[in-house]
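Numbering (the UniProt record's numbering), first residue to last: 1 to 285. The beta-carbon is built from N, C-alpha and C at its ideal position, and this holds for glycine as well. Owing to the predicted nature of the structure, the values given are computational and were not obtained by experimental measurement.
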């Protein structure tokens with residue numbers, strides 16, 4: 001009888017141990033699920049601030065070596081007023097470069113690029129995106145593309161030929177404008193992505209970014225229909241948007257020329273002769 005009680009005690013203890021382990025595992029799973037849900041919620045609620053990163057104050061163009069550039073206020077059709085930097089072409093019949101900057105900072109951070117454009121005799125129109133220093137409103141994919149098309153029409157309405165130049169995030173805007181306005185002279189994509197959602201998926205493979213992300217800037221869905229002559233520049237050492245994005249876009253297009261820049265990173269492609277190649281292409285047209 002004593003032995004039976006001892007066996008029952010052991011069985012009960014074993015059962016208790018299994019239940020305890022199960023409870024611990026369930027607790028861990030619930031904790032993990034709560035943490036994961038928190039991460040997903042944070043990324044969803046903060047996605048705009050992760051994609052658009054305005055910073056600083058917009059300087060006067062002359063203070064960054066752009067004495068010939070005028071700061072203008074341009075109202076969009078929805079009433080939002082954008083600040084743009086504008087300068088006419090110094091060379092007769094030279095096109096105007098409609099320049100779309102990257103995701104962070106402000107136009108002043110791109111002064112070296114803009115100065116090189118102007119020194120070559122081309123005109124310039126460079127908007128500060130809505131929500132960025134100097135401009136009203138909040139940025140979004142639809143709004144930025146709409147603004148880009150309106151600025152393009154503003155230039156062509158004055159009889160100007162337009163070169164669309166996008167830098168990083170700006171490539172998504174420039175490509176979308178080119179898809180809607182095939183009369184553009186040239187499309188320049190500097191360190192482009194196939195889509196912002198693709199970049200996000202590579203950075204956060206554990207998140208369902210295709211479901212969460214609102215502004216996906218899917219250039220890959222537009223590139224085949226773009227009939228504007230297109231130049232794609234991408235550095236082999238680009239860690240922000242890897243080279244395979246530019247290569248993929250070039251493969252999807254039957255007119256795009258891909259310039260792979262050895263040792264080039266995300267922000268230094270101009271120092272490797274990007275603008276020289278753009279000018280050569282324009283002179284051949």
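Helix, strand or coil at residue i according to DSSP, with G and I counted as helix
i: residue 264; result: coil
i: residue 214; result: coil
i: residue 51; result: helix
i: residue 103; result: coil
i: residue 91; result: coil
i: residue 219; result: helix
i: residue 44; result: helix
i: residue 76; result: coil
i: residue 83; result: strand
i: residue 1; result: Any reading at residue 1 must be qualified, since the residue scores a pLDDT of 43, below 50, and its modelled position is unreliable; the value itself is stated next. Of the three classes helix, strand and coil, the one that applies to residue 1 here is coil, per DSSP.
i: residue 131; result: coil
i: residue 239; result: coil
Proximity winner among the options, relative to residue i (alpha-carbon distances)
i: residue 129; options: 123, 190, 239 and 82; result: 82
i: residue 69; options: 144, 48 and 126; result: 126
i: residue 103; options: 49, 112 and 232; result: 49
i: residue 225; options: 158, 47 and 177; result: 177
i: residue 131; options: 93, 163 and 144; result: 144
i: residue 236; options: 34, 142, 190 and 44; result: 190
Neighbour-count burial assignment, residue i, 16 or more Cβ in a 10 Å radius
i: residue 165; result: buried
i: residue 244; result: exposed
i: residue 106; result: buried
i: residue 4; result: Model confidence at residue 4 stands at a pLDDT of 49, short of 50, so the residue's coordinates are unreliable and nothing is read from them.
i: residue 146; result: buried
i: residue 78; result: exposed
i: residue 215; result: buried
i: residue 110; result: buried
Proximity test, residue i beta-carbon vs the ligand GTP heavy atom, cut-off 7 Å
i: residue 193; result: With respect to the ligand GTP, the structure offers nothing, as it holds no ligand at all.
Is the region 186-194 in contact with the region 274-282, if contact means three or more CB pairs nearer than 8 Å? yes
Do the region 209-227 and the region 258-277 make contact, defined as three or more Cβ pairs closer than 8 Å? no
Which runs of the alpha helix (DSSP H) fall wholly inside the region 134-170 and span at least 4 residues, in chain order? 141-156
Determine contact between the region 112-121 and the region 133-150, defined as no fewer than three beta-carbon pairs at a distance below 8 Å. no
Can we say the region 136-152 touches the region 86-104, given the rule of at least three CB pairs closer than 8 Å? yes
Say whether the region 202-211 touches the region 175-183, bearing in mind that this needs 3 or more beta-carbon pairs closer than 8 Å, one atom from each stretch. no
Taking contact to mean at least 3 C-beta pairs separated by less than 8 Å, is the region 83-95 in contact with the region 38-57? no
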